[in-house]
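Those protein sequences? They're chains A and B, same order as listed.
Per our numbering, the very first residue in the first sequence carries number 13; after that it's consecutive.
Per our numbering, the very first residue in the second sequence carries number 4; after that it's consecutive.
C-beta: ideal position from N, C-alpha, C; glycine also.
All of these numbers come straight from a predicted model, not from anything done at the bench.
Data first, discussion second: the structure below is written as structure tokens.
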Amino acid sequence: MSALDHDVSRPAVRAAGYTVVRAGRGSFLVHRRAAVAAVALAAVLAVAVVASLCVGESFVAPTEVVRVLLGQPSPDELVVGTLRLPRLVTGLLVGAAFGVAGALIQTVARNPLASPDVIGVTHGAGAATVAAMTFGVTSYTALPYVSVGGGLAAAALVYLFAWRKGLSASRFVLIGIGISVALGSLSRLFLTKGDYLVAQQAKVWLTGSLNGRGYEQAAPLATALLLLVVPLLWAAQARRGVSLDDDTATALGIRLDRVRLGLSAIGVVLASVATGAAGPVDFVALLAPQIARRLARTEQPPLVCSALTGALVVVVADLLARRLFSPIELPVGVFTALVGAPYLMWLLIRTRSRSGGTA
Amino acid sequence: MSGVARRRVGWISAAALLLLVAVAASLAIGSRQISLTEVYDALLHGGTSDNAQVVRSLRVPRTVIGVMVGAALAVAGTVLQGITRNPIAEPGILGISQGASLGVVCAIAFFGVHTLTGYVWFAFAGAAAAAVCVYAVASGGRGGASPVKLALAGAAMNAFIASVVSAIVTTNARALDEFRFWDVGSLSGRDATIAGQTWPFLALGLLLVLAMARGLDALALGDDVARGLGRNVALLRLAGTAGATVLTGVAVAAAGPIAFTGLAVPHIARALVGTAHRWLLPMAALLGPVMLLLSDVIGRVVFPPSEVPVSVMTALAGVPFLIALVRRKAVAA
């Protein structure tokens, strides 16, 4: 028996731990622990947001930050509202998008090691962007489109090869890795071909950075997230079926292949657009869903908690990236793993063996 | 002999034959084409012609290191996929080779070491440190080092170390300029000294891993079954991690990080000889060098006069194989 089959034996939905919320004629299940975790994460995120707006070249009092956020007149409106807020908003959206993308892809792959990296998206975006940089495209308005195009093209390639009378989870992941590795090698090849200034710049992009990012980058991302709200509501329900084995799902009338395709496609779009905005901010999509799953104690990575965790990791990491070595601003991708990885390791150490199941 | 066993022996012999062909190609083909008879003469009778010099001082060390690295990566990947029961486990994703990268970056940035032979010990130290940390994290808490915890601890450690490496190279342009050439993974410029430094570790790692082939089979059935069969699961996982670490250390120290071989070769080998590790491990040890050497040879001739590094070529040449195989067969972890 492989790790992939492991959670098949467990029921996807346990009645215990869920509360039925009725709103009008509709009703839905809410995982109580996940709801509590989401509220707590949101609170911590709010603190991190205010802190991130306070700290910078000059310190702004939290009260002034809150005034600006509430739209009241304040002497610090320029620093907080015009200089710091756009970058913060981009970071929040990028983190949330990567968190959800990772959660969806880990759910489909039924593998905690899966992430948009693994199915070609980030490496496709990376290869396209590094190639463009090597051939002299450096404008931050053109590069996002190149990168989104590269990410989507790579994912399309993965689907093309992995789809064979359906989409099996293991085939999807393995072919995704294959395509990823090939594209990753291509970008490293480009890195050795260019001179080292281009290499340095490309390396920064490949690490993921929020330097100089603002509403221009946030707007497409926000649009994509808004457009994906309805698909995401579908995903939140449909993904429960993915933990069933194929026979059971068929017996229940769930078309697993389509569910897998749909869920992963949402993840692919989210990851591509987020990569376009900030580069492949390393490891957020891998770490955030696993941290969220351990906080919420759910079988599958919870979507809302993953989004909040992703946003939190990126905001905290960017704060460190801006200030730790100031005046040098490091790329945020350097710190996402420095923030997220030790926390995940700590969760792993104190976790009880029962909750150490699969993704 | 039963049909299955005959088929396995057949595939192993075919792989051995293929390895011979790959070695011959690696000795003969390059920017300077040397006929096989000349290669043979240079190896057995010496000689001082240019071709003989090229074969002895450049091609032989490169080929030997290719064989060592290929075997080490493929066997390490097989073991890691076995002990984590995860089909996408490999030295790269578990943080071990990232640890070696950190060692090399530190050597360049802080210790003023700038030679490939100097990197070797730093790479080893880094790989070992990373593996110890991964194992310590995974075995902490109740339940010990379960496959999922091991995989996740590896992924988290990989992420963490990669960040440290990025932090160093993004703030130190000179280190990046040197590190990017090591980081791409290549067999070129490696001389016999490196093979001499690393072979005892290769032998140690291979012995350790081959000795636990039956244990790996039991582990594949799940921890409870393995325990029921009288296996010490914790010991097996510790020994497996140690063996894979030593082997990965050998590979990364000798050639830099080469992705994909450690992931793909075990799957290809499994498709050919099945999941029994006493067949699977030797098959992987034969196919790893084949993949690496053939990719290296293609990399030498595809864009003359410059070479495509072997890590890039293994990915580009190996991916179609993996895709074809995965599409044809059901994947077993």
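>> Between L319(B), M160(B) and A229(B), which has its C-alpha nearest M357(A)'s C-alpha?
In response: Locating residue 357(A) in the first sequence gives position 345, counting from the first residue. Of the candidates L319(B), M160(B) and A229(B), the one whose C-alpha sits nearest the C-alpha of M357(A) is M160(B).
> On the three-state DSSP scale, how would you describe V293(A)?
Replying inline: Residue mapping note: residue 293(A) aligns to position 281 of the first sequence, counting from 1. Coil.
> Which two residues bound the contiguous alpha helix (DSSP H) that contains S16(B)?
Replying inline: Here residue 16(B) refers to the residue found at position 13 of the second sequence. From DSSP, the alpha helix (DSSP H) with S16(B) extends over G6 to A31.
>> Measuring CB atoms only, is the region 107–124 of chain B touching the region 270–283 of chain B, in the sense that at least three cross pairs come out at less than 8 Å?
In response: no
> Distance, Cα to Cα, G265(B) vs L295(B)?
Replying inline: Reading the second sequence from its first residue, position 262 is the one you call residue 265(B). Reading the second sequence from its first residue, position 292 is the one you call residue 295(B). So the two alpha carbons sit approximately 11 Å from each other.
>> With H, G and I counted as helix, E and B as strand and the rest as coil, what does DSSP make of K152(B)?
In response: Position 149 of the second sequence holds residue 152(B). Three-state result, K152(B): helix.
>> With H, G and I counted as helix, E and B as strand and the rest as coil, what does DSSP make of N223(A)?
In response: Position 211 of the first sequence, counted from the start, is the residue given in the question as residue 223(A). Three-state DSSP puts N223(A) in coil, outside helix and strand.
> Counting contacts by CB-CB distance shorter than 7 Å, is V193(A) in contact with chain B?
Replying inline: Counting from one through the first sequence, the residue named residue 193(A) turns up at place 181. So yes, V193(A) belongs to the interface.
> In chain order, which continuous runs of the alpha helix (DSSP H) of length 4 or greater are located wholly inside the region 120–190 of chain B?
Replying inline: 150–174 and 176–186
>> Count Cβ pairs between the region 158–165 of chain A and the region 283–295 of chain A that sit closer than 8 Å; are there 3 or more?
In response: yes
> Along the chain, where does the alpha helix (DSSP H) that runs through F184(A) open and close?
Replying inline: Numbered from 1 along the first sequence, position 172 holds the residue referred to as residue 184(A). A181 to K205 is the extent of the alpha helix (DSSP H) around F184(A).
> Using a Cβ-Cβ cut-off of 8 Å (strictly less than) and excluding sequence neighbours within five positions of T153(A), which residues of its own chain qualify?
Replying inline: Indexing the first sequence from 1 puts residue 153(A) at position 141. So the list reads E228, once near-sequence residues are dropped.
>> Taking a contact to mean a Cβ-Cβ separation below 7 Å, would you say T219(A) touches V328(A) in this structure?
In response: Taking the first residue of the first sequence as 1, we reach residue 219(A) at position 207. Taking the first residue of the first sequence as 1, we reach residue 328(A) at position 316. It is not a contact, given that the beta carbons lie outside the stated cut-off.
> Nearest to L76(B) by CA position, among A223(B), T87(B) and I99(B), is which residue?
Replying inline: The sequence position of residue 76(B) within the second sequence is 73, counting from 1. The option with the nearest alpha carbon to L76(B) is I99(B).
> Does any residue of chain C bring its CB to less than 7 Å from the CB of I189(A)?
Replying inline: The displayed structure is made up of protein chains A and B, and chain C is not among them.
> Where does the unbroken alpha helix (DSSP H) through V142(A) begin, and where does it stop?
Replying inline: Numbered from 1 along the first sequence, position 130 holds the residue referred to as residue 142(A). Counting along the chain, the alpha helix (DSSP H) containing V142(A) begins and ends at V133 to T146.
> Considering only residues of the same chain and omitting the five flanking positions on each side of K205(A), which have a CB-CB separation below 8 Å?
Replying inline: If you number the first sequence from 1, residue 205(A) lands on position 193. For K205(A), where only same-chain residues beyond five positions count, the Cβ hits under 8 Å are T146.
>> Please return the same chain residues whose Cβ sits closer than 6 Å to the Cβ of A113(A), not counting the five positions on each side in sequence.
In response: The residue given as residue 113(A) occupies position 101 in the first sequence. Here the set comprises P128, G279, L282, A283 and A297.
> Using the C-alpha atoms, what's the distance from V255(B) back to G69(B)?
Replying inline: Within the second sequence, the letter at position 66 stands for residue 69(B). Within the second sequence, the letter at position 252 stands for residue 255(B). If I take the Cα positions, the gap works out to 12 Å.
> With distances taken from CA atoms, which of A288(B), A198(B), A165(B) and S309(B) is nearest F295(A)?
Replying inline: Here residue 295(A) refers to the residue found at position 283 when the first sequence is read from its first residue. Checking every option, the nearest Cα to that of F295(A) belongs to A165(B).
>> Classify V302(B): buried if its beta carbon has 16 or more other beta carbons within 10 angstroms, exposed otherwise.
In response: Stepping through the second sequence from its first residue, residue 302(B) is reached at position 299. Reading off the sequence, residue 302(B) comes out as Gly, not Val. Its Cβ being crowded by 16 or more others within 10 Å, G302(B) is buried.
> Which residues in the same chain as L211(B) place their Cβ atom closer than 8 Å to its Cβ, once the five residues preceding and following it in sequence are excluded?
Replying inline: On the second sequence, residue 211(B) is found 208 positions in, with the first residue counted as 1. Correct list, in chain order: A242, A245, G246 and V249.
>> According to DSSP, simplified to helix, strand and coil, what is A48(B)?
In response: Reading the second sequence from its first residue, position 45 is the one you call residue 48(B). Residue identity check: residue 48(B) is His in the sequence provided, not Ala. Helix at H48(B).
> Looking at chain B, which residues of the region 107–136 of chain A have a Cβ within less than 8 Å of any of its Cβ atoms?
Replying inline: N123, P124, L125, A126 and V130
>> So, with DSSP's three-state summary, where would you put G178(A)?
In response: What you label residue 178(A) is simply residue 166 of the first sequence in a count that begins at 1. Of the three classes helix, strand and coil, the one that applies to G178(A) here is coil, per DSSP.
> Taking 7 Å as the CB-CB cut-off, is A349(A) touching chain B?
Replying inline: The residue labelled residue 349(A) in the question sits at position 337 within the first sequence. Taking Cβ atoms only, chain B reaches closer than 7 Å to A349(A), which makes this a yes.
> Are there 16 or more other CB atoms within 10 angstroms of the CB of I340(A), so buried, or fewer, so exposed?
Replying inline: Start at 1 with the first residue of the first sequence, and residue 340(A) comes out as number 328. When all chains shown are included, I340(A) counts as exposed.
> Buried or exposed: where does W246(A) fall if 16 or more other Cβ atoms within 10 Å of its Cβ makes it buried?
Replying inline: For the purposes of this step, residue 246(A) is taken as residue 234 along the first sequence, with counting starting at 1. Exposed, because fewer than 16 other Cβ atoms sit within 10 Å of the Cβ of W246(A).
> Of all the residues that make up the region 247–275 of chain B, which are near chain A by a beta-carbon distance shorter than 9 Å?
Replying inline: A262, F263, L266, A267 and H270
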